[in-house]
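Report on the structure given below.
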Amino acid sequence: MASLIAGYDPETVTDEAGLTAFVGANTLYVAGLVLAVAVVEYAEPFSQTAADAVRIGFVVGVLALAARMVVGARRYEDSG
């Protein structure tokens, strides 16, 4: 399943199981953010300003998790 990860190079990865677990967990965090925003958007208990804040928080969260995946995935690569 590691072949589904963008930029995956089997020659440089030292721990394939660890890499897939790390990326998979972070992908589930993104899915949790999507679900949370969907619930907030469906319920619409907030003003427009609060809803915009939720959307901005979602974008920031997704970008932070993407950066975490990119940086953290390097732990599973051979540096040589």
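Counting from 1, position 61 in the sequence shown corresponds to residue 61 in the UniProt record's numbering; the numbering is continuous, with no gaps.
Virtual Cβ for every residue (Gly too), placed ideally from N, Cα, C.
Values in this document were obtained by computation on a predicted structure and should not be read as measured data.
Of the other Cβ atoms in all chains shown, 16 or more fall within 10 Å of the Cβ of Tyr-76; this residue is therefore buried. In the structure shown, Glu-44 adopts coil according to DSSP, grouped into three states. A straight-line Cα-Cα distance of about 31 Å links Gly-32 and Asp-78. Note on geometry: alpha-carbon atoms of Gly-61 and Gln-48 lie some 20 Å from one another. DSSP lists Glu-77 as the bridge partner or partners of Val-13. Between Ala-2 and Tyr-8, the C-beta gap is smaller than 7 Å, which places the two residues in contact. Between Ala-25 and Val-71, the alpha-carbon positions lie close to 15 Å from each other.
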